[in-house]
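Chains A and B, in that order, are what the protein sequence lines are.
Numbering follows our numbering, with no gaps: position 245 of the first sequence is 275.
Numbering follows our numbering, with no gaps: position 144 of the second sequence is 213.
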Amino acid sequence: MKLTVQVWRQAGPGAPGRFERHVVDGIEPHLSVLELLDALNEQLIDSGAEPVAFESDCREGICGACGVTVDGEAHGREDNVPSCHQRLSGYADGSILRIEPLRAGAFPVVRDLIVDRGALDDLIRAGGHVAVDAGTAPDADALPVGEERAELALDFAACIGCGACVAACPNGAAHLFAGSKLMHLSLLPLPSLERQRRVVAVVDELEELFGPCSNYGECARACPAGIPLTAIAAVNHERLLAGLQRRL
Amino acid sequence: MPSSSPTSSVIQVGPPSPVPRERRHRGVPSWSLKTAMAITGAIWAAFVAIHLFGNLKVFQGPDAFNGYAAWLRAVFYPFFPKEMVLWGLRVVLVIALGVHVGAAAIVWARGRRARGGHRVTLRGMRSWGAWLMPVTGVVLLAFVTVHVLDLTLGLAPVAPEGFAHPEAGVAHAYGNLIASFQRPWSAWFYVAAMVLLSVHIAKGFANLAADLGAMGRRWRATLSAVGGLLAVAVLLGNAAIPIAVQMGWIA
């Protein structure tokens, strides 16, 4: 099939950006959006032009490295699918695809389609980890965790940290990301020991770096890991509980 | 942090960002603003439900409606002085409205800023519902102002000609209402406001569930159902009154 690509080109952070128009011919419809960019880059390299910079790693939807905005939709047209699995078969032959970086105030463009998603790392640094000094690993059954609880924690732990939730959000909020971390950790025995302090630290960081949540629900539609919308309620749930509890 | 804490007081790990990020340091946190909006919104939703119940007495005739209006001024009399409950409710409602609108304006502005001026694509009912909240909110604020000038304060030019203020235990609410709704612009503005109000209430209850941290499936479904039922009741019940007056069914 033949596709016209309008791709965002930006030399560096703060530099002015613009859309560049290219035609990619003879591309198979079963290929992904990223493979379209690969084909475009081969074309650009052959003609001596600078290839389009974009991030990708595993190309099987588990790493969270990739992420571009296609026609205004984070990752692409299909819901809950990362850019590396967005197939071109969803587009008619001869159609125009506008490909730009993941867009959010918290994600400054580094180059072309690459954005700095380090603000998400700042959230993890504030409290998205376990800092309990637990000594050597305990026996597997020393701290029993119910199956349902373990499964729920794993559902929230499925987040691959791609940042599509922030890019899809009209408010530039990271509640789906933060909520999934908070729930994943507060459901398990050792991480739950620092539940209160974690949510205070994470929400403080969330307030400083990202926007407020207005319950648009765009995040859960874009999320390639299928994090449920209840994760955004988890932020206020955990924060309100921490405020009500006695400080320890 | 006391020594009973299982971890050290500092839980920052990894190197800090080499590039200083753009941060927002001041002001009331958004999560408290959203919680305040949920609570004040619930207060107004409760008021709207009670107001609807009172409004429906218009279909029982002038005596029932005027009697109810007079009773509102003497609720719990003689335990409370006359009009005390009425004024107490008015003060609570005005404060709640101020908090609700103020918090909404701040959240809206913060959202625009955090988006960074980029275009958004809205997909689905939930998204459009959220987009409609500030839109319906602004119109409803105008409606509340007009409604109070029209049927509470009786101030021209909004109020109908011949607006009668209540006097010594006698209310003229029925006559005022009929006079107001006999003007087509007043009736149809009221109907339009009720459509927007029902949208605002339905989405508002879903937002309330999320903002108060309801994560359970049953809690979320219950709150959405209550919001949906109230929205339908408000739309059908309230909008029926101006339509009935315009059609000449009640006069």
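Think of the CB as a built atom: it goes at the ideal place given N, C-alpha and C, for glycine as much as any other residue.
All of these numbers come straight from a predicted model, not from anything done at the bench.
Taking the CB atoms as reference points, tell me whether GLY97/A and ALA188/A lie closer together than 9 Å. No; because the gap between Cβ atoms is not below 9 Å, this pair is not in contact.
**OP:** For ARG287/B, return the contacting residues in chain A, with the cut-off set at a CB-CB distance below 8 Å.
**Re:** The premise fails here: ARG287/B is roughly 12 Å from chain A at the closest Cβ pair, so nothing lies under 8 Å.
Express the C-alpha separation of VAL217/B and ALA225/B in angstroms, rounding to a whole number.
12 Å
Taking 8 Å as the threshold, find out whether the segment 246-258 of chain B comes into contact with the segment 293-300 of chain B through three or more Cβ pairs.
No, the segment 246-258 of chain B does not touch the segment 293-300 of chain B.
Are the segment 231-243 of chain A and the segment 140-160 of chain A in contact at 8 Å, needing three or more beta carbon pairs? yes
query: Between TRP177/B and TYR246/A, is the Cβ-Cβ spacing less than 9 Å?
result: no
Give every residue of the same chain whose Cβ lies closer than 8 Å to the Cβ of PRO200/A, excluding the five residues on either side of it in the sequence, and list them in chain order. SER244, TYR246, GLU248
Self-check item: Residue interval of the alpha helix (DSSP H) (run including LEU150/A)
Solution: 148-157
How many angstroms separate the CA atom of GLU85/A from the CA atom of PRO89/B?
Their Cα atoms are separated by approximately 22 Å.
For this session: State the start and end residues of the unbroken beta strand (DSSP E) segment that holds GLY47/A.
Result: 47-54
Using a beta-carbon distance cut-off of less than 7 Å, what residues from the segment 249-263 of chain A approach chain B? ARG251, THR260, ILE262, ALA263
- Query: Nearest chain B C-beta to ALA41/A closer than 9 Å, yes or no?
  - Reply: no
Flag GLY110/B as yes if its beta-carbon sits less than 9 Å from any beta-carbon of chain A, otherwise no.
no
| said: I'd like to know whether the C-beta of ALA278/B is nearer than 9 Å to at least one C-beta of chain A. | reply: yes
Exercise for review: Please say whether ALA263/A and ARG141/A have beta carbons closer to each other than 9 Å?
Suggested key: In terms of Cβ geometry, ARG141/A and ALA263/A do not form a close pair [threshold 9 Å].
Return yes when the Cβ of ALA180/A is within less than 9 Å of the Cβ of LEU218/A, no when it is not. yes
Selection from CYS93/A, PHE137/A, LEU66/A that minimises the alpha carbon distance to GLY106/A = LEU66/A
Q | Per DSSP, the bridge partner or partners of PRO131/A | A | Bridge partners of PRO131/A: VAL98/A.
> chain B partners of ALA203/A, CB-CB under 8 Å?
Replying inline: GLY180, ALA183
Among MET194/B, TYR259/B, PHE122/B, LEU121/B, which has the Cα closest to the Cα of LYS272/B? MET194/B
Review point. Per DSSP, which one or two residues make a beta bridge with TRP38/A?
Key: PHE49/A
Every unbroken beta strand (DSSP E) within the segment 229-307 of chain B, with a cutoff of 3 residues, ordered by chain = Counting whole runs of 3 or more residues, the segment 229-307 of chain B contains no beta strand (DSSP E) stretch at all.
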